[in-house]
Amino acid sequence: MKLPEELQFIANARMPQKTTDARLNGRICIVTGATSGVGLAAARRLARGGAQVVMVCRNDEKAATVQAELAREYSVQADVVLADFTRLADVRDAAATILEHYPHIDVLINNAGVHMTRRTLTVDGHETAFGVNHLASFLLTRLLLDRLKASAPARIIQVNSQGHRFGGLDLDDLTWARRRYAGLRGYGAAKTAQLLTVWELADRLAGSGVTINAMHPGAVKSNIGMNNGLLYRWYNRIVIRPFLKEPAIAGDAIYYLAAAPDMAGVSGKFFNLTIEEKPAAHALDRAVGKRVWAMSEALTDIIGRETLAKVQKPSQG
Ligand SMILES: NC(=O)c1ccc[n+]([C@@H]2O[C@H](COP(=O)([O-])OP(=O)(O)OC[C@H]3O[C@@H](n4cnc5c(N)ncnc54)[C@H](OP(=O)(O)O)[C@@H]3O)[C@@H](O)[C@H]2O)c1
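Under numbering that gives the first Met the number 0, the first residue of the sequence shown carries the number 0, and numbering increases by one thereafter.
Structure, rendered in structure tokens:
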């Protein structure tokens, strides 16, 4: 029985996944949030494929443990750049460090993410899930973009989520000051915003040799949500976790998107692991996407807030 298009993601999760034997020997691959879950699985798989892994992480002890494991198990160079994505200044510093040390970048994997059950704000005043999942990855990508272009062919992978289907994006209330915060909708808003900017950036990158795609890494065992309260952590551990898969499937899928010759030139797509899929309709609205792009540029100070006011102002007559 064929599922309706909006439920096709359920069937896609059971499809056989694509794999590749292609190697990434010596290629420089940046992975954010490589200390746990999906990012750790991706870092391991990239190292197994011969890549030099640059981990952008917030916890130096956890990062050092992963760094030592990658060097020991796969005999590759693994480096650490520290940044807490609740601070956009940290993202800028991390980008500056990367630009200083790496003359080329072959793959950028924006993976670091959080799920919050309560509304909190980052030091920059953004709702935390929106700030960490969307704005930090948007800013890091923009700051590294010229280096990626100069390194072409290069690939950008946004670790997104089926959670974008929860919606929740209100461009007039990005901080949830006027609405009651709901964790899944806050997470959905951040992932929706990220997806909308993927289509925008894919258009801008056409012909540059740099591709950008988004992916859902499967429903896998990780620490996501474990920063929340006792009740949520209990629910997560007892009710949800038994149904989750091993994170290695996410690592394998990310590796396929990063390394497979079949993916060369593929850009502006959403993948459920390695299966191309249609996102929810609200995440395909290009008019909203153009507003999200401009707002994201303003909120990360890529353009001035006064420029945003002009961009956002409805045209007269
Ligand atoms: N697990 C799933 O089933 C699933 C499903 C769909 C999408 N995803 C997506 O997969 C990505 C990875 O999540 P995960 O499930 O692997 O969760 P996870 O185990 O909690 O890993 C998240 C990673 O992001 C890092 N991180 C969190 N907040 C950060 C901050 N403020 N600054 C810098 N790094 C930060 C974490 O660092 P620490 O180790 O220091 O905490 C960790 O390395 C996220 O984008 C998530 O939305 C996961």
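We put the beta carbon where it would ideally sit given N, CA and C, even for glycine.
Exposure of alanine 128, with buried meaning 16 or more beta-carbon neighbours within 10 Å = For this step, residue 128 is matched to residue 129 along the sequence shown. In summary, alanine 128 is buried, with 16 or more beta-carbon neighbours lying within 10 Å of its beta-carbon over all protein chains present.
Given a threshold of 16 other Cβ atoms within 10 Å of its Cβ, counted over all protein chains shown, does phenylalanine 242 qualify as buried or as exposed?
-> As a first step, residue 242 must be located in the sequence shown, where it is residue number 243. Counting of Cβ neighbours within 10 angstroms places phenylalanine 242 among the exposed residues, the total staying below 16.
Those residues which DSSP pairs with histidine 215 across a bridge | On the sequence shown, position 216 is the one that residue 215 refers to. Bridge partners of histidine 215: Asn271.
Based on the DSSP secondary-structure assignment, which residues constitute the bridge partners of threonine 210?
-> The sequence position of residue 210 within the sequence shown is 211, counting from 1. Threonine 210 pairs with Arg154.
For arginine 179, which of Met14, Ala95, Arg117 has the nearest alpha-carbon?
-> In the sequence shown, residue 179 corresponds to position 180, counting from 1. Ranking the options by Cα distance to arginine 179, first place goes to Arg117.
Distance, glycine 32 Cα to arginine 43 Cα | Translated into positions along the sequence shown, residue 43 becomes position 44. Translated into positions along the sequence shown, residue 32 becomes position 33. Arginine 43 and glycine 32 have their alpha carbons spaced roughly 13 Å apart.
Same chain, Cβ closer than 7 Å to phenylalanine 165, five either side skipped, listed in chain order | Taking the sequence shown and counting its residues from 1, the one referred to as residue 165 is at position 166. Excluding residues within five positions, the ones whose Cβ falls inside 7 Å are Leu183, Arg184, Tyr186, Gly187.
For alanine 21, the three-state DSSP class (helix, strand or coil) = Position 22 of the sequence shown holds residue 21. In the structure shown, alanine 21 falls within a coil segment according to DSSP collapsed to helix, strand and coil.
Looking at the structure shown, is alanine 176 part of a helix, part of a strand, or coil, going by DSSP?
-> Taking the first residue of the sequence shown as position 1, residue 176 is located at position 177. Alanine 176: coil per DSSP, three-state reduction.
Does the stretch 101 to 110 come close enough to the stretch 62 to 69 to have 3 or more Cβ pairs within less than 8 Å?
-> Not touching, per the Cβ criterion.
Within the present structure, is the beta-carbon of threonine 85 separated from the nearest heavy atom of ligand 2 by less than 7 Å?
-> Among the ligands modelled here, namely ligand 1, ligand 2 does not occur.
Could you have a look at valine 30 and say whether DSSP puts it in helix, strand or coil?
-> Mapped onto the sequence shown, residue 30 falls at position 31. The answer is strand: DSSP assigns valine 30 an E or B state.
Cβ shell of phenylalanine 84 (< 6 Å), same chain only, five flanking positions each side left out = Here residue 84 corresponds to residue number 85 of the sequence shown, with the count starting at 1. Excluding residues within five positions, the ones whose Cβ falls inside 6 Å are Ala111, Val131, Ala135.
What is the rounded straight-line gap between the Cα of glutamine 315 and the Cα of alanine 308?
-> Along the sequence shown, read from residue 1 onward, the residue named residue 315 stands at position 316. Along the sequence shown, read from residue 1 onward, the residue named residue 308 stands at position 309. Because the pLDDT of glutamine 315 is 37, which lies under 50, any placement of that residue in the model is unreliable, and the number read from its coordinates should be weighed accordingly. Rounded to whole angstroms, the gap between the alpha carbons of glutamine 315 and alanine 308 is 14 Å.
Return yes when the Cβ of lysine 190 is within less than 8 Å of the Cβ of glycine 217, no when it is not.
-> Numbered from 1 along the sequence shown, position 218 holds the residue referred to as residue 217. Numbered from 1 along the sequence shown, position 191 holds the residue referred to as residue 190. Going by C-beta atoms, glycine 217 is not nearer than 8 Å to lysine 190.
Closest residue to threonine 18 among Ile248, Gly267, Asn24, Ala297 (Cα-Cα distance) | Counting from one through the sequence shown, the residue named residue 18 turns up at place 19. Ranking Ile248, Gly267, Asn24, Ala297 by Cα distance to threonine 18 puts Ile248 first.
Report yes if the C-beta of asparagine 24 is less than 7 Å from at least one heavy atom of ligand 1; otherwise report no.
-> Position 25 of the sequence shown, counted from the first residue, corresponds to residue 24. Checking every heavy atom of ligand 1 against the Cβ of asparagine 24, none is found closer than 7 Å.
Short check: CB of leucine 298 to CB of threonine 273, under 8 Å?
-> Walking along the sequence shown from the start, residue 298 turns up at place 299. Walking along the sequence shown from the start, residue 273 turns up at place 274. Leucine 298 places its beta carbon 8 Å or farther from that of threonine 273.
Distance between aspartate 202 and proline 313 (C-alpha atoms, nearest Å) | Working through the sequence shown from its first residue, we reach residue 313 at position 314. Working through the sequence shown from its first residue, we reach residue 202 at position 203. Note on proline 313: pLDDT 49, under 50, position unreliable in the model; the coordinate value appears next. About 23 Å.
How many Å lie between threonine 140 and glycine 25 at the Cα?
-> Within the sequence shown, residue 140 is the residue found at index 141, counting from 1. Within the sequence shown, residue 25 is the residue found at index 26, counting from 1. Straight through space, the alpha carbons of glycine 25 and threonine 140 are spaced by roughly 21 Å.
Could you tell me if glutamate 14 is buried or exposed, where buried requires 16 or more neighbouring beta carbons within 10 angstroms of its beta carbon?
-> Taking the first residue of the sequence shown as position 1, residue 14 is located at position 15. In the sequence on display, residue 14 carries methionine and not glutamate. Per the 10 Å Cβ criterion, exposed.
Tell me, which residues are paired with asparagine 109 by DSSP?
-> Residue 109 sits at position 110 when you count from the first residue of the sequence shown. Gln157, per the DSSP bridge assignment.
Span of the alpha helix (DSSP H) holding alanine 192?
-> Counting from 1 along the sequence shown, the entry for residue 192 is found at position 193. In this chain, the alpha helix (DSSP H) harbouring alanine 192 covers 182 to 204.
With distances taken between CB atoms, is the gap from leucine 195 to valine 287 smaller than 8 Å?
-> Here residue 195 is taken as the residue at index 196 of the sequence shown, counted from 1. Here residue 287 is taken as the residue at index 288 of the sequence shown, counted from 1. Yes, these two residues count as a Cβ contact at 8 Å.
Close-in-space but distant-in-sequence residues of the same chain around lysine 148 (CB under 6 Å, 5 per side omitted) = Mapped onto the sequence shown, residue 148 falls at position 149. So the qualifying residues of the chain are Ser207, Val209.
Minimum C-alpha distance to isoleucine 29 - residue among Ala282, Ala213, Cys56, Asn227 | Against the sequence shown, residue 29 aligns to sequence position 30. Nearest to isoleucine 29 by alpha-carbon distance, out of Ala282, Ala213, Cys56, Asn227, is Cys56.
Classification of valine 122 by the beta-carbon crowding that lies within 10 angstroms, buried from 16 upward = Position 123 of the sequence shown, counted from the start, is the residue given in the question as residue 122. That one is exposed.
Cα-Cα separation between histidine 103 and leucine 144, rounded to whole angstroms | Here residue 103 refers to the residue found at position 104 of the sequence shown. Here residue 144 refers to the residue found at position 145 of the sequence shown. CA-to-CA, the gap between histidine 103 and leucine 144 works out to about 11 Å.
Distance cut-off 7 Å: leucine 243 Cβ against heavy atoms of ligand 1 | Here the question's residue 243 lines up with position 244 in the sequence shown. Leucine 243 Cβ: within cutoff of ligand 1.
Roughly how many whole angstroms lie between the Cα atoms of asparagine 212 and tryptophan 233?
-> Locating residue 212 in the sequence shown gives position 213, where the first residue counts as 1. Locating residue 233 in the sequence shown gives position 234, where the first residue counts as 1. Whole-angstrom Cα-Cα distance: 34 Å.
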